[in-house]
Every structure is written in structure tokens, then in C-alpha cells.
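In our numbering, the protein residues as written are 76 to 253.
From the three backbone atoms N, C-alpha and C, an ideal C-beta is built for every residue, glycine too.
This structure is a prediction, so every number in the text was calculated from the model and none was measured.
So the structure is just underneath, and the comments pick up after that.
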Ligand SMILES: [Zn+2]
Ligand SMILES: [Zn+2]
């Protein structure tokens, strides 16, 4: 049976991952579990010259840890992620495949010199988690601003978009029952 595993990429709060389970189950109608036993350190993906972690290396490590896995794997971390052609990414996913990663680093108000807002932070992490998982289910970016699959390149764009899949994107998730 399909399922979704959330894997901590340290440093990250396990409690944050736990808080994602129920809303992700509601969105994808699949069992969602935190797999703390497979937690790994972001150090393996750290790029000294950039001071950030390479999200593609995180995905490769995730796949290495789960050979033959047939469910979805979502790594969650608090470190800043990049791909070589971009300054940063909120996350990265394999399209219509197994693995995705999302970072909370730039989703915290503190990152922008503002006062901490834990509720807003968690709302943003959930949006990015639903978004990256959407790509693993084969969803592309959506033009609907209310849809969580709308692309976001800044935190303002994360805040503007909705927290859920639009009807069209939801219908395109294989096996998702209404
Ligand atoms: Zn995307
Ligand atoms: Zn959509």
C-alpha cells in the first residue's frame, strides 16, 4: 500500500515533522509516518563554498537509505538548500517518483529579521511539504493562486498561495479518493 514517510534531516525538530502527519494524511488520503530511525545529518550534503546544503545530494542520500522503497519519501530539514543554478530553493522533488525534500530555513520570520511566529512558520512548512509531495505524485506547477502547487520563489509567494490542492490537481493525484 502507498504511504508517505517523513525523514528528519538534522538539524530539525522531530515535533515539526510529527505536526505535518495529520494534515498531509488529510491532503493525500494516505498514511503518513515520521521515520526518525532513518534520520540523517545534513552534513553529507553541505557545500563549504556556499554554506548551504545541496538539495540533490539530500535526495540521493534519501534514496540510498531506502533501497527498493515503493512509497513516497519526504525529507524535512532546517538547513538552507540550494541547487547549483539558484541562490536557494525551498525544496526539491523528483517528478512522478519517490523522493522530495523541503527546508524550513527561509520559512521562518527570523530569517528576514522579523519576530518569530511559530504558527505562520508551521503553515508555510506544511504548504511546502504538500507542494513537494505533489511533484512526486506527478503534479506540475499550477496557475491557480489558491492552489498549493502554485510556484513560490519568495516567502511572500508562499503566504499568498492556498494551503491545499485545487480540484484539478487533486484529481490528477493517482489513486487519491475524494
Ligand atoms: Zn514546485
Ligand atoms: Zn492546482
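Check                                                                                            : Outcome
8 Å contact criterion, which residue 148 and residue 170 should meet: CB distance rounded        : Actually they do not touch by this definition, with Cβ atoms about 14 Å apart.
Nearest-angstrom Cβ-Cβ length linking residue 205 and residue 102, presumed shorter than 8 Å     : 5 Å
Beta-carbon proximity of residue 258 to residue 179, cut-off 7 Å                                 : Since the displayed the chain opens at 76 and closes at 253, residue 258 lies outside it and no answer follows.
7 Å Cβ cutoff met for residue 116 and residue 140                                                : no
Beta-carbon proximity list for residue 236, same chain, < 8 Å, skipping 5 on both sides          : 202, 220, 221, 222, 223, 225, 227
Inter-residue spacing [alpha-carbon to alpha-carbon] between residue 177 and residue 246         : 23 Å
Contact belief for residue 191 with residue 146 at Cβ below 8 Å, rounded distance in angstroms   : No, residue 191 and residue 146 are not in contact; Cβ-Cβ is about 33 Å, not under 8 Å.
Nearest-residue set for ligand 2, Cβ under 5 Å from any heavy atom                               : 217, 219, 222, 224, 241, 244
Unbroken beta strand (DSSP E) run spanning residue 158, endpoints                                : Per DSSP, residue 158 belongs to no beta strand (DSSP E) and is neither H nor E.
Three-way DSSP call (helix, strand, coil) for residue 90 in this model                           : helix
Alpha carbon of residue 99 to alpha carbon of residue 125, nearest angstrom                      : 32 Å
Span of the alpha helix (DSSP H), counted from its first residue to its last, around residue 167 : Taken as a continuous stretch (DSSP letters only), residue 167 belongs to no alpha helix (DSSP H), being part of the beta strand (DSSP E) at 166 to 168.
Alpha-carbon to alpha-carbon, residue 207 and residue 217                                        : 13 Å
Helix, strand or coil at residue 150 according to DSSP, with G and I counted as helix            : strand
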